[in-house]
Amino acid sequence: VYINGLEGFWSYAKERIMKFHGVSKEKFPLYLKEMEFRYNNRNNDIFTLLAENLCHTVPKRL
């Protein structure tokens, strides 16, 4: 089960990297983390998820 999940993610990641026409070594970890986030939330609305997370990080007004 673990290998299939890893292969699925890597297939997804390679496809996204090709859309970027490659990535620099320096920025690869950032691209990888973004792809991990998108892959783990592929069935969710990313915009809504990010908006909700932003709302939790902004302090409430007093």
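Residue numbers (this note's numbering): 1233 to 1294. Built from N, CA and C at the ideal position, the CB exists for glycine as well. Keep in mind the model is a prediction, meaning the values are calculated, not measured.
When the Cβ atoms of the stretch 1264-1279 are set against those of the stretch 1235-1255, are three or more pairs found closer than 8 Å?
Short answer: they touch.
Using 8 Å as the threshold, is the C-beta distance between methionine 1267 and alanine 1245 below it?
Yes. Within cutoff.
In the DSSP assignment, the alpha helix (DSSP H) including glutamate 1268 goes from what residue to what residue?
Where glutamate 1268 is concerned, the enclosing alpha helix (DSSP H) stretches over 1260-1272.
What residue from His1253, Asn1276, Arg1248 and Phe1279 has the CA that sits closest to lysine 1265's CA?
Comparing Cα positions, the closest option is Arg1248.
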